[in-house]
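Have a look at the structure below before the remarks.
Residue numbers (my numbering), protein chains in the order written: chain E, 324 to 720; chain X, 6 to 376.
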């Protein structure tokens with residue numbers, strides 16, 4: 324399946340937020356950064372409005388130089404907390420469309436919307452929706468690149484700034500890429516660019532047409548890298564869900580429990596909770612944890628690492644149940660049980676495909692429905708029959 | 006009860022059923038075997054409620070009777086004895102006395118009233134198969150079964166009995182084997198059922214090289230009648246997936262390759278694959294196959310190239326090496342036909358030539374390569 328990646332980049336983010344909150348700044352050169360102190364200030368420009376850019380001011384420029392270029396500009400000291408708040412709200416918009424959001428900084432992110440298309444339309448339609456949502460909700464504009472990979476999406480988002488939208492058709496990558504200057508090459512610094520220009524390579528098209536072995540000989544390892552980029556190949560996945568190291572839930576019994584069935588039932592309920600939270604966060608983990616505390620407070624923790632990342636309640640419960648059966652000392656009273664999932668990194672191998680794709684998917688469908696109902700009516704509205712039956716039995720006893 | 010028997014006869018009879026005893030069970034009585042002495046015969050029965058096995062041998066019965074005895078303990082005693090005459094007796098209080106020239110051993114048994122009864126399998130639906138055919142069909146299929154109890158249908162082998170052929174199919178969802186035995190007599194009925202893998206293991210273990218065996222099917226059970234032992238197994242009452250649907254019919258891209266080369270290469274290269282995934286990549290080109298594995302976590306990498314012939318443009322496809330080896334090992338011909346259409350679809354594996362009265366096809370699903 325062809326991937327659809329979005330690169331969303333806020334336009335002059337800090338300056339735009341300032342202009343939004345201070346109507347008197349609108350239409351004027353706003354420079355967010357260090358205090359210029361009448362041209363003697365130290366420090367740099369953090370962001371500047373498009374009006375300021377017309378004076379030649381750009382981000383990372385020494386603030387004193389900016390002051391020289393644009394002495395009448397509005398100089399604003401950055402309000403980090405405010406920008407973070409706005410950023411969070413914008414990221415929340417991204418998460419409305421996909422969980423696969425890789426933040427690059429406070430104001431830009433990659434989104435893998437491959438799986439969101441059934442719900443929201445094509446990559447281009449999703450990009451428009453996101454832009455509109457940001458405009459409506461935050462009063463800000465963003466530029467979006469839509470492409471089959473991260474590299475192309477990032478280039479695309481930059482081409483029509485501000486308020487841009489550029490779609491790179493998977494069939495027309497060369498057409499898009501080849502006219503571009505080699506300064507657009509990811510990983511090509513000034514030095515490398517100069518080297519390439521000396522080789523007669525000025526555009527990405529020049530680079531693509533260059534013999535591969537000569538490129539390798541002249542540039543070494545980077546040669547292969549650039550060769551790929553020149554052909555629009557970039558296999559890096561959108562990495563998301565980082566930061567969270569594990570998701571776990573625990574339950575302490577009101578009275579210590581001896582009944583193995585009751586303990587298993589609790590593990591099932593905890594697995595449901597953990598599964599639900601993982602799916603909400605768009606995380607899949609590989610290592611399943613069991614925590615077991617006996618009545619004398621002696622505690623064991625055991626874990627098992629699976630070959631593939633999982634988020635399904637059933638898979639979590641299977642594993643945790645196995646850990647429990649292997650480690651629980653029958654006849655001992657249990658005070659607390661815990662279930663956790665960690666290991667969210669990229670798994671070592673690809674996904675093992677299945678002959679009867681309907682069946683495991685049907686189980687995920689169960690998870691999905693359960694999640695929808697839980698969202699709408701609360702988490703108690705639905706649970707697996709195994710845990711329901713047990714509760715019923717208990718009441719009858 | 007009282008009977009006399011040679012140690013070797015006792016041992017071999019007990020040996021047949023001992024593996025049916027479950028390793029762990031909540032029903033304590035299943036750790037026992039039921040011993041019955043009557044009509045000049047010793048009968049030993051073990052069950053795990055799914056599978057029941059009965060074994061017998063001739064012996065000298067002085068007094069008819071039956072008793073339930075801890076299976077493992079009995080086995081341990083008999084195993085360590087030399088081949089002598091053994092006298093086995095039990096009194097009305099279920100005290101057991103085992104006597105030989107070396108000495109005597111006392112242990113406690115219990116009444117047979119608590120022991121699960123042997124299933125009754127009475128039916129006209131019977132087939133007869135050559136031992137060699139049955140053994141082969143079992144061996145070619147059971148490796149592909151699932152051990153996932155959440156998908157009970159896949160933990161057994163699917164039998165399909167037609168008037169003129171018998172099919173056995175096994176799959177765990179990632180690979181599949183279908184073996185057809187043609188011209189297998191004239192059954193007057195058709196039937197489909199799933200037989201647990203474990204039972205088939207016992208059957209294969211107890212099958213002699215030569216001869217024919219009878220298999221009887223009732224609504225709930227299958228009975229395998231073997232020399233000096235009967236194996237009863239419950240049928241798995243679950244729908245088996247529509248396997249025919251997933252066996253592609255229109256493949257045109259075919260690789261022909263020497264089996265031993267392929268197996269050895271995959272074995273060696275897979276040592277360098279990630280120990281969690283065993284992923285190996287195959288690059289198939291018109292005249293060669295490259296097997297490649299890489300373990301990013303630990304930095305290992307291996308690559309081998311072996312000759313093959315492939316009638317299409319180059320194709321890259323990744324598999325779990327263990328699944329792949331399982332499949333390849335079960336092909337008996339020198340060369341293997343391997344059909345693939347793309348890197349996401351199933352691979353179809355055939356022997357270069359099908360055996361007489363036989364048709365075998367194996368499927369393996371790839372691992373998705375990141376695009």
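Quick reminder that beta carbons are idealized off the backbone N, C-alpha and C, glycines included.
Fair warning: this is a prediction, and the values are worked out from it, not measured in the lab.
Item: Inter-residue spacing [alpha-carbon to alpha-carbon] between residue 23(X) and residue 627(E); Value: 32 angstroms
Item: Where residue 58(X) falls: helix, strand or coil (DSSP); Value: strand
Item: Integer-rounded CB distance, given that residue 83(X) should sit under 8 angstroms from residue 12(X); Value: 6 angstroms
Item: Nonlocal neighbours in the same chain, by C-beta distance under 8 angstroms from residue 55(X), ignoring five residues either side; Value: 201, 203, 204, 238, 239
Item: Entirely enclosed beta strand (DSSP E) segments - the region 151-221 of chain X, minimum 3 residues; Value: 161-166, 170-176, 180-187, 196-201
Item: Integer-rounded CB distance, given that residue 122(X) should sit under 8 angstroms from residue 99(X); Value: Not quite, the Cβ-Cβ distance comes to about 19 angstroms (not below 8 angstroms), so this is no contact.
Item: Sub-8 angstroms separation of residue 531(E) and residue 547(E) beta-carbons; Value: no
Item: Anticipated Cβ contact below 8 angstroms, residue 663(E) with residue 597(E), distance rounded; Value: 7 angstroms
Item: Where residue 97(X) falls, given that 16 or more other Cβ within 10 Å makes a residue buried; Value: exposed
Item: Contact with chain X by residue 480(E), beta-carbon distance below 8 angstroms; Value: no
Item: Chain-ordered residues of the region 273-286 of chain X with a beta carbon less than 7 angstroms from chain E; Value: 279, 281, 282, 284
Item: Residue 580(E) vs residue 616(E) beta-carbon contact at 8 angstroms; Value: no
Item: Chain E contacts made by the region 172-203 of chain X, where a contact means CB separation under 7 angstroms; Value: 176, 178, 179, 181
Item: Straight-line Cα distance separating residue 52(X) from residue 653(E); Value: 24 angstroms
Item: Helix, strand or coil at residue 48(X) [DSSP, three-state]; Value: strand
Item: Buried or exposed (CB count within 10 angstroms, at least 16 for buried), residue 376(X); Value: Note on residue 376(X): pLDDT 42, under 50, position unreliable in the model; the coordinate value appears next. Residue 376(X) comes out exposed.
Item: CB contact check: residue 679(E) to chain X, cutoff 8 angstroms; Value: yes
Item: Collapsed DSSP secondary structure at residue 122(X) in the structure displayed; Value: coil
Item: At least 3 beta-carbon pairs within less than 8 angstroms: the region 398-416 of chain E vs the region 538-546 of chain E; Value: no
Item: Local conformation of residue 576(E) per DSSP, three classes; Value: strand
Item: contact_flag[the region 242-251 of chain X, the region 272-285 of chain X] where n(CB pairs < 8 angstroms) is 3 or more; Value: no
Item: Anticipated Cβ contact below 8 angstroms, residue 389(E) with residue 359(E), distance rounded; Value: 7 angstroms
Item: Separation of residue 195(X) from residue 363(X), as counted between CA atoms; Value: 19 angstroms
Item: Distance CB(residue 486(E))-CB(residue 464(E)) smaller than 8 angstroms; Value: yes
Item: Proximity test, Cβ basis, 8 angstroms: residue 325(X) and chain E; Value: yes
Item: Residue 675(E) beta carbon less than 8 angstroms from that of residue 372(X); Value: yes
Item: Local Cβ density within 10 Å of residue 638(E), reported as buried at 16 or more and exposed below that; Value: buried
Item: Simplified DSSP state of residue 22(X), which is helix, strand or coil; Value: helix
Item: Nearest to residue 354(E) (by Cα), restricted to the options 343(E), 369(E), 340(E), 363(E); Value: 369(E)
Item: Cross-chain neighbours of residue 288(X) in chain E, by beta carbon under 8 angstroms; Value: In chain order: nothing, as chain E lies at least about 15 angstroms away.
Item: Rounded straight-line distance, which links the Cα of residue 368(X) to that of residue 683(E); Value: Residue confidence is low: residue 683(E) scores 41 on pLDDT, short of 50, so the model does not pin down where it sits. No coordinate-derived value is stated.
Item: Proximal residues to residue 575(E) (C-beta, below 7 angstroms), its chain only, five neighbours per side dropped; Value: 658, 659
Item: For residue 343(X), three-class secondary structure by DSSP; Value: strand
Item: Residue from 31(X), 133(X), 32(X) with nearest C-alpha to residue 217(X); Value: 133(X)
Item: Residue environment, residue 301(X), which counts as buried when at least 16 other CB atoms sit within 10 Å; Value: exposed
Item: Within 8 angstroms, strictly: CB atoms of residue 336(X) and residue 264(X); Value: yes
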